[in-house]
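Here the protein sequences come in this chain order: W and D. First residue of the first sequence? That's 1269 in the numbering used here, and the numbers climb one at a time after it. First residue of the second sequence? That's 1269 in the numbering used here, and the numbers climb one at a time after it. Here a beta-carbon is modelled for each residue, glycine too, at the ideal position from N, C-alpha and C. Please read all numbers here as calculations on a predicted model, not as lab measurements. Working notes, beginning with the structure itself.
2 protein chains.
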Amino acid sequence: MKVYLAGPDVFHPQARAIAAAKKALCARAGLEALFPLDSVIEADPDEPKPILARKIFLSNRAMIEACAAVLANLTPFRGPSVDPGTAMEIGLAYGLGKRVIGYSNVGETFAARTRAFLRLRADECEVEDFGPLTDNLMIDGAVERIFACDAGPDRLWTDLASFEAALGALSPPRQAFA
Amino acid sequence: MKVYLAGPDVFHPQARAIAAAKKALCARAGLEALFPLDSVIEADPDEPKPILARKIFLSNRAMIEACAAVLANLTPFRGPSVDPGTAMEIGLAYGLGKRVIGYSNVGETFAARTRAFLRLRADECEVEDFGPLTDNLMIDGAVERIFACDAGPDRLWTDLASFEAALGALSPPRQAFA
Chain W
1269 MKVYLAGPDV
1279 FHPQARAIAA
1289 AKKALCARAG
1299 LEALFPLDSV
1309 IEADPDEPKP
1319 ILARKIFLSN
1329 RAMIEACAAV
1339 LANLTPFRGP
1349 SVDPGTAMEI
1359 GLAYGLGKRV
1369 IGYSNVGETF
1379 AARTRAFLRL
1389 RADECEVEDF
1399 GPLTDNLMID
1409 GAVERIFACD
1419 AGPDRLWTDL
1429 ASFEAALGAL
1439 SPPRQAFA
Chain D
1269 MKVYLAGPDV
1279 FHPQARAIAA
1289 AKKALCARAG
1299 LEALFPLDSV
1309 IEADPDEPKP
1319 ILARKIFLSN
1329 RAMIEACAAV
1339 LANLTPFRGP
1349 SVDPGTAMEI
1359 GLAYGLGKRV
1369 IGYSNVGETF
1379 AARTRAFLRL
1389 RADECEVEDF
1399 GPLTDNLMID
1409 GAVERIFACD
1419 AGPDRLWTDL
1429 ASFEAALGAL
1439 SPPRQAFA
């Protein structure tokens, strides 16, 4: 079974090492993981940047279409919420009838994170507070299960505990015969 | 034709007035606009908050399914990007084969907004810079056209020029007979 690794991991300086570690865990669980940076996209230096962006979009879309499930990294990225590209991919996968499992290396609720953000930069809009929800209700609603734990700032993008928990939900270990 | 109004407008103190203004413009263009707050959701005071969140999720999903198109408010919300609920709805609508048209009341590119955000709160991750793109490439990729203009901070959520432009793309005015 193929699974797509969605998340802002692609922007991390250690993106390929992080992806390699997650792919190894998937392989051990019998799953083939696809990661956005896997695809080799020919970038013509004279090509306008939006054309390259379009090629990457189509490549990611094709990977999601090819997978049975998405493992989505919901660790907040540049604000109180999930990375917007990941949010879009969650919606796309959900719309295509794929399974979506979420994980986050931040355990705090969306409401608590939003209030903390607003101390930095206040606005007039309401805080969405549905208690324990991990993010905007459209994210939590599309995601079958979410595994969140506090990895701490130094291991925010490298800690694999929440990822392993999500992977376990996607691919439960076989029961030994009694 | 029905059209879904996606956006963080729902969190604004004047959400219903903003929606009424947008709906009136849609009606004038011959479109029936659906807005998340249209649905009356029975909230039992004893009910856990995630159950209510789930009801709202299902109501929004049903509205998107009922529509032929989505007009998505991409005005950045609490960070350099689109609201994550809107991002998910863009992906869902795109996955369901609906037309998605975007509009934003901020004209600055995603790359410029991200760099400005990082002056406030730096991180080690890469800045996605595909030149003129309005947001993460998965957002721009799913959206047929984007209309962005600088409404200024006082009219960030109330100015209707970018919305009207998006509406025009969805529903071009009939040509008069020559």
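Residues in its own chain within less than 6 Å of residue i by CB, not counting five upstream and five downstream?
i: F1415/D; result: Y1371, S1430, A1433, A1434
i: P1304/D; result: V1278, N1328
i: D1422/W; result: none
i: A1297/W; result: L1435, S1439
i: A1337/D; result: V1271, K1366, R1367, L1438
i: E1394/D; result: none
i: N1261/W; result: Residue 1261/W lies beyond the stretch modelled for chain W, which goes from 1269 to 1446, so this question has no answer here.
i: K1217/W; result: This structure gives no information on residue 1217/W, because the portion of chain W shown stretches from 1269 to 1446.
i: L1417/W; result: The residue you asked about is not Leu; residue 1417/W is Cys in the sequence shown. Excluding positions up to five away in sequence, the list reads G1375, A1429, S1430.
For residue i, which residues in the same chain have their Cβ closer than 8 Å to its Cβ, ignoring the five residues on either side in sequence?
i: P1348/W; result: F1378, R1381, T1382, A1384, F1385
i: P1400/W; result: T1377
i: I1286/D; result: D1277, H1280, W1425, T1426
i: G1359/W; result: M1406, A1410
i: A1283/D; result: D1277, L1305
i: E1392/W; result: none
State buried or exposed for residue i, treating a residue as buried only when at least 16 other CB atoms are found within 10 Å of its CB.
i: D1314/D; result: exposed
i: E1357/D; result: buried
i: R1346/W; result: buried
i: E1300/D; result: exposed
i: G1275/D; result: buried
i: D1306/D; result: exposed
i: D1312/W; result: exposed
i: A1419/W; result: buried
i: G1521/W; result: Nothing in the structure corresponds to residue 1521/W, since chain W is present only between 1269 and 1446.
i: L1388/D; result: exposed
i: I1309/D; result: exposed
i: G1375/D; result: exposed
i: G1353/D; result: buried
i: A1390/W; result: exposed
i: A1295/W; result: exposed
I'd like to know whether the C-beta of residue i is nearer than 7 Å to at least one C-beta of chain W.
i: I1358/D; result: yes
i: P1281/D; result: yes
i: S1307/D; result: no
i: S1349/D; result: yes
Is there a Cβ from chain D that is less than 7 Å from the Cβ of residue i?
i: Y1362/W; result: yes
i: A1518/W; result: Given a span of 1269 to 1446 for chain W in the structure shown, any question on residue 1518/W remains unanswerable.
i: G1353/W; result: yes
i: R1423/W; result: no
i: R1284/W; result: no
Spatial neighbours of residue i within its chain, please: C-beta separation below 7 Å, excluding the five flanking residues on both sides.
i: D1403/W; result: L1342, S1349, V1350, F1378
i: C1335/D; result: K1270, V1271, Y1272, L1302, K1366
i: A1292/W; result: none
i: R1355/D; result: Note that residue 1355/D corresponds to Ala in the displayed sequence, not to Arg. Excluding positions up to five away in sequence, the list reads I1407.
i: A1289/D; result: L1428
i: E1412/W; result: R1367, V1368, I1369
Any heavy atom of the ligand ZN within a distance shorter than 6 Å of the CB on residue i?
i: F1385/W; result: Absent from the structure shown: the ligand ZN. Ligands present: none.
Checklist entry - According to a CB-to-CB cut-off of less than 9 Å, which residues of the region 1388-1419 of chain W neighbour chain D? => result L1388, R1389, D1391, E1392, C1393, E1394, V1395, E1396, D1397, F1398, G1399, P1400, L1401, D1403, N1404, L1405, M1406, I1407, D1408, G1409, A1410
Checklist entry - Using 8 Å as the Cβ pair cut-off and three pairs as the minimum, do the region 1329-1341 of chain D and the region 1315-1332 of chain W touch? => result no
Next on the checklist: Contact between the region 1361-1369 of chain D and the region 1359-1375 of chain W is defined here as three or more beta-carbon pairs at a separation below 8 Å; is this criterion met?
Outcome noted: yes
Item to check | Under 8 Å (Cβ pairs) to chain D, residues found in the region 1318-1332 of chain W | outcome: P1318, L1320, A1321, R1322, I1324, F1325, L1326, N1328, R1329
Item to check | Touch test, the region 1315-1324 of chain D against the region 1386-1406 of chain W, Cβ-Cβ under 8 Å, three pairs minimum | outcome: yes
Checklist entry - Of the residues that make up the region 1288-1303 of chain W, which ones have a beta carbon closer than 9 Å to any beta carbon in chain D? => result none
Checklist entry - If contact means a Cβ-Cβ distance below 8 Å, which residues of the region 1364-1385 of chain D contact chain W? => result L1364, T1382, F1385
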